[in-house]
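Protein chains in written order, with the working numbering: chain A, 367 to 558; chain B, 367 to 558.
Even glycine gets a Cβ: it sits at the ideal position worked out from N, Cα and C.
Since the structure is predicted, the reported quantities are computational estimates derived from the model, not experimental observations.
Contents: one structure, followed by commentary.
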């Protein structure tokens, strides 16, 4: 499946090639792959360089941990995402070191994930982020300290064969990628 | 100034080379540059593909609009960022189309900016995001509809000469880039 973004103007292939599949190969990414993804996330910019991003990583070759993290997924996502050989949970630290709330905590987790996605594409990996998981149970299972929010779950691996997906998911896998046109996204500054 | 991230493991040069400078060249990026940045942002992933990101763009070759947007910057940021030939304001739509709140609105603006940053590096541009600006006045000046949050201001251009910065900023421009070590960012899953 080649899901190149149908861009109006050229963008870097690392961005144009990125998409969020549901089919993953069983091939286990190595520790070096995972470290490279985390290293990319680490170098993202953040408000006051607070680096509010945290990560939980579970690999299929540590089956007990992988199963525990997979159990947090919503039923709908578990159908396909439990087969991803690497699962992550992204976490935001809500406050700055001085105790004041960091309004950019989730935003900056998004920036770090932007870096991670590009690095994944660079390594031939695919990534699918999910909002559908049990956040209350994630706080308990992952023993998150006060002031930390579970943000997203992340399925990571090498591209798989969509033919192995259930029918309904295989159809979604083949659907074209769609985005709003730029003129809906760019707001005009009114005349003074 | 070469500010390559001192990575522990290799990451793509488009990520390692990115940093947030205060010195910008007066060379005006073309409309094609700006379109390419926005196109990259447009193809980011988002929760339910809601694409909550919006952008205001002001170019120095439209001086009246550029000055109005620059006037939103905090005094501290205006010292250097007003010289950036492209200024943006990033904006988050807080709700989904169905009216329910989108907890991922700011997170997904961060994802879109992650794409924009990589595309900027790919084009030889540099980008510096800022939290320091007058958000209340931004809502008025930019006539933001209800349900839209101003998130960050963004200075964009080609790299400039740090020698032209005031002394205190020139020192900060030469400082090494620092990040928390990975073992602080990766949380261990406790044993059950």
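Check the C-beta distance from residue i over to residue j and give it rounded, since I have them as a contact under 8 Å.
i	j	result
residue 374 of chain A	residue 543 of chain A	Not quite, the Cβ-Cβ distance comes to about 13 Å (not below 8 Å), so this is no contact.
residue 555 of chain A	residue 400 of chain B	That belief does not hold up - the Cβ atoms of residue 555 of chain A and residue 400 of chain B are roughly 14 Å apart, past 8 Å.
residue 380 of chain A	residue 484 of chain A	5 Å
residue 518 of chain B	residue 456 of chain B	5 Å
residue 546 of chain B	residue 417 of chain A	5 Å
residue 395 of chain B	residue 523 of chain B	6 Å
residue 536 of chain A	residue 528 of chain A	5 Å
residue 410 of chain B	residue 481 of chain B	5 Å
In the DSSP assignment, the beta strand (DSSP E) including residue i goes from what residue to what residue?
i	result
residue 456 of chain A	452-459
residue 500 of chain A	From DSSP, residue 500 of chain A is part of no beta strand (DSSP E); its letter is neither H nor E.
residue 424 of chain B	419-425
residue 518 of chain A	514-523
residue 492 of chain A	492-496
Please confirm if residue i has its CB atom under 7 Å from at least one CB of chain A.
i	result
residue 523 of chain B	no
residue 401 of chain B	yes
residue 421 of chain B	yes
residue 386 of chain B	yes
residue 488 of chain B	yes
residue 431 of chain B	yes
residue 515 of chain B	no
residue 556 of chain B	yes
residue 485 of chain B	yes
Hey, could you find the ends of the alpha helix (DSSP H) residue i is sitting in?
i	result
residue 379 of chain B	379-382
residue 485 of chain A	471-488
residue 443 of chain B	441-447
From the beta carbon of residue i, is the nearest beta carbon of chain B less than 7 Å away?
i	result
residue 446 of chain A	no
residue 378 of chain A	yes
residue 546 of chain A	yes
residue 452 of chain A	no
residue 367 of chain A	Confidence at residue 367 of chain A is low in this model, with a pLDDT of 47, below 50, so its placement is unreliable and no value can be given for it.
residue 497 of chain A	yes
residue 464 of chain A	no
Distance, Cα to Cα, residue i vs residue j?
i	j	result
residue 382 of chain A	residue 372 of chain A	8 Å
residue 433 of chain A	residue 468 of chain B	29 Å
residue 562 of chain A	residue 389 of chain A	Since the first residue of chain A shown is 367 and the last is 558, residue 562 of chain A is not available in this structure.
residue 548 of chain A	residue 539 of chain A	25 Å
residue 487 of chain A	residue 476 of chain B	18 Å
residue 452 of chain B	residue 491 of chain A	34 Å
residue 512 of chain A	residue 419 of chain A	15 Å
residue 367 of chain A	residue 408 of chain B	Confidence at residue 367 of chain A is low in this model, with a pLDDT of 47, below 50, so its placement is unreliable and no value can be given for it.
residue 462 of chain A	residue 479 of chain B	22 Å
residue 386 of chain A	residue 500 of chain B	36 Å
residue 402 of chain A	residue 429 of chain B	43 Å
Are there any heavy atoms of the ligand NAD lying less than 6 Å away from the beta-carbon of residue i, as far as the coordinates show?
i	result
residue 503 of chain A	Of ligands this structure carries none, so the ligand NAD is not represented either.
Which residues in chain D sit within 7 Å of residue i, going by Cβ to Cβ distance?
i	result
residue 371 of chain B	No chain D appears in the structure shown, which is made up of the protein chains A and B.
Please name the residue in the options whose C-alpha comes closest to that of residue i.
i	options	result
residue 426 of chain B	B/516, B/392 and B/441	B/392
residue 466 of chain A	A/428, A/446 and A/413	A/413
residue 557 of chain B	A/497, A/410, A/435 and A/406	A/435
residue 559 of chain A	A/384, A/402, A/446 and A/438	Limits of chain A in this structure are 367 at one end and 558 at the other, which puts residue 559 of chain A out of reach.
residue 431 of chain B	B/448, B/443 and B/440	B/448
residue 384 of chain B	B/505, B/493, B/460 and B/506	B/493
residue 442 of chain A	A/534, A/552 and A/553	A/534
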